[in-house]
Each structure stands twice: as structure tokens, then as C-alpha cells.
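Trainee: Position 88, counted from 1, in the sequence shown is what the UniProt record's numbering calls 88; the numbers after and before it change by one each time, with no gaps. Backbone N, C-alpha and C fix where the C-beta goes; we use that ideal spot for every residue, glycine too. Since this is a predicted model, take the numbers as computed values, not measurements.
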Amino acid sequence: MNKHRQFRPCHAVRPEVVFCTNYLELPDNLSSIELCGSRPVLAIVGGASKIEAEDMARLEEIFLRAIAPVAERLGATVVDGATDAGVMRCIGQARSQINGTFPLVGVAAVGTVVLPNEKQSKEDAAPLEPNHTHFVFVPGQSWGDESPWLSYVAKVLADGAPSVTIAINGGEITWQDVAWSAISGRSIIVLSGSGRTADKIAGALRGEATDVRGKLLVETGAVTAIDLKSGPENIAEILTRTLADSFPDAV
């Protein structure tokens, strides 16, 4: 089933929307909202509502001075979890502040978000971030149901172009997101110093005794880390190098 509609969560952006129910139909679903063709893809996963205020202030600078400008310069598509919180709010606001034109695609399970003009299915359903250009709604009633879909959306949109997942802060669902990225063969960069899950994975990279899931991820060989303290310029350089690899026309 492919229900395509357009709505406006607020005045900022009029997003394209598609409802997906079948992995096999996803490429056609995405094409129906003009998401097609090979281009670099940055998947952003991480903290939503539980990022500390001090950490959020530092992250906002990284999004504004590094992540959003890199996506804009490379013409990359950015994929995230769609809601108006944490890292998703950061990238939405950063795109708006730099007057960005890159596609910003939110992927969410239908039972976890508030859809305009539709009955709210759960008390804790979250509002959508208003600066996204596209929303892909997928089956599910629980947080984390979107994780495999987010990974597959990123894979389909890249279509052979470089793609990378950046993990920033995060909780339990971030472990799922990063695991699905590893399963998909996508490179994973964790922002060390951003807190919680990202720091546990970075610790595993350093050989520290952290969550066993971090050790298993490191063993895939897909994970590297960037220190938040290295600054926006260094982070931008590493992201650019990763996303532009084997895709010189993007530079």
C-alpha cells in the first residue's frame, strides 16, 4: 500500500509524505515523493528527549557548523527519526538556519507520532519536527519499530553512493539503530563525548569494558569515533571525506 499525501505540520516546510507497509515496495514509495537517484546519505541516530541541556548546547553548534553545512555542500540526503526532539530537532533547526536545500527525511512508526487531522493513537505520541522535507511512515506502535526501516530507507536512497550513520548521544533505541546500520553494511561514526550510548560505543573502541553490545559492534569493523571536543571544523572534514569517498561529483 502506498498512500501519498501532503500536509503541513507547521508553517515552516510543506513536506511530502508516504505511508509504507512493505519493504519490497519501498523504492517505489520513495520515488512517489521524488526521492530517487543515487546521492550520499547521512543517517542521524541518537538522543531524543533525554539529552542534558549542557550537551544539547554543544550539539546544536555541531549541527549548525558541521553536519548541516556538509550535507548542503555535498547535496546529501539526511535521514533520521522524524520527531521534534533531540538530534532530530537539531538537524531540522540547523537546516532552517543555514537556509538549506538538502532533503531531510524523517522515518517514523505510525503509532508513535502525532499526525495532523488524524486520531492520536498513543498518549506519548510525539510531534513531528517541522523543518523536514519528507516523512516516511512505517508500520509499528512502539519506539524502535522504525529502526530497520530507517536503515533500509538510507540504503535505498544511497543506491550505491557513500552512506554513513552518525550516532550522537542516544538511549536503548540507538543501539537498535546502530545495529541495523551494521547489518546493512553502513559505516558508523559515533560522536564521542556526546553522552550515553555514543560514549559507550566509543569506550568499546578504546578497549574499555562497557556494554557488551558495544564490543560486538566494534568487532564488525564498521565503527569509528570522532571526539566532540575536536570541534566543528574537524567533524565537518571527517564527514566530508567519508561521504565524498568514491563519489567525487559530490565535492
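Which term fits Leu-216, buried or exposed, when burial requires 16 or more other beta carbons within 10 angstroms of its beta carbon?
Mentor: The residue is exposed, with fewer than 16 neighbouring Cβ atoms inside 10 Å.
Trainee: Please report how far the alpha carbon of residue 257 lies from the alpha carbon of Thr-174, in whole angstroms.
Mentor: A question about residue 257 goes unanswered here, because the residues of the chain that appear run from 1 up to 251.
Trainee: To the nearest angstrom, how far is the alpha carbon of Gly-47 from that of Asp-55?
Mentor: Distance between the alpha carbons of Gly-47 and Asp-55 is about 10 angstroms.
Trainee: Closer than 8 angstroms by C-beta to Val-218: which residues in its own chain qualify, once you throw out the five before and the five after it? Chain order, please.
Mentor: Within the same chain, Val-218 has close Cβ partners Ile-201, Ala-204, Leu-205.
Trainee: Please classify Phe-135: does DSSP put it in a helix, a strand, or coil?
Mentor: It is a strand residue.
Trainee: Alpha carbon to alpha carbon, how far is Ile-67 from Ile-235? Give it in angstroms, no decimals.
Mentor: About 8 angstroms.
Trainee: Just confirm the distance between the C-beta atoms of Ala-108 and Gly-81, as a whole number of angstroms; I'd bet it's less than 8 angstroms.
Mentor: Right, the Cβ-Cβ distance comes to about 6 angstroms (below 8 angstroms), so this counts as a contact.
Trainee: With the cut-off set at 9 angstroms, would you say Arg-164 and Val-178 are in Cβ contact?
Mentor: Correcting the residue type first, residue 164 is Val in the shown sequence and not Arg. Their beta carbons are not under 9 angstroms apart, which means Val-164 does not touch Val-178 by this criterion.
Trainee: Following the continuous alpha helix (DSSP H) through Ala-85, name the residue where it begins and the one where it ends.
Mentor: Here Ala-85 belongs to no alpha helix (DSSP H), and DSSP marks it neither H nor E.
Trainee: Expressed to the nearest angstrom, what Euclidean distance is found between the alpha-carbon atoms of Leu-128 and Asp-159?
Mentor: Cα-Cα distance, rounded: 27 angstroms.
Trainee: Residues in the same chain with beta-carbon distance under 6 angstroms from Leu-59, minus the five sequence neighbours each way, listed in chain order, please.
Mentor: Answer for Leu-59: Cys-90, listed in chain order.
Trainee: Extract the residue ranges of the alpha helix (DSSP H) inside the stretch 172-220, only unbroken runs of 4 or more that lie entirely within it.
Mentor: Whole alpha helix (DSSP H) segments, 4+ residues: 172-183, 196-205, 212-219.
Trainee: Kindly indicate which residue of Pro-27, Asp-199, Pro-162 has the alpha-carbon position closest to the one of Leu-74.
Mentor: Of the listed residues, the one whose Cα sits closest to Leu-74 is Pro-162.
Trainee: I'd like the span of the alpha helix (DSSP H) that includes Thr-112, first residue to last.
Mentor: Where Thr-112 is concerned, there is no enclosing alpha helix (DSSP H), given that its DSSP letter is neither H nor E.
Trainee: Distance, Cα to Cα, Arg-14 vs Asp-84?
Mentor: Roughly 16 angstroms separates the two Cα atoms.
Trainee: Quick one: residues in its chain with C-beta nearer than 8 angstroms to the C-beta of Lys-122, no 5 flanking neighbours on either side, listed in chain order?
Mentor: Gly-111, Thr-112, Gln-141, listed in sequence order.
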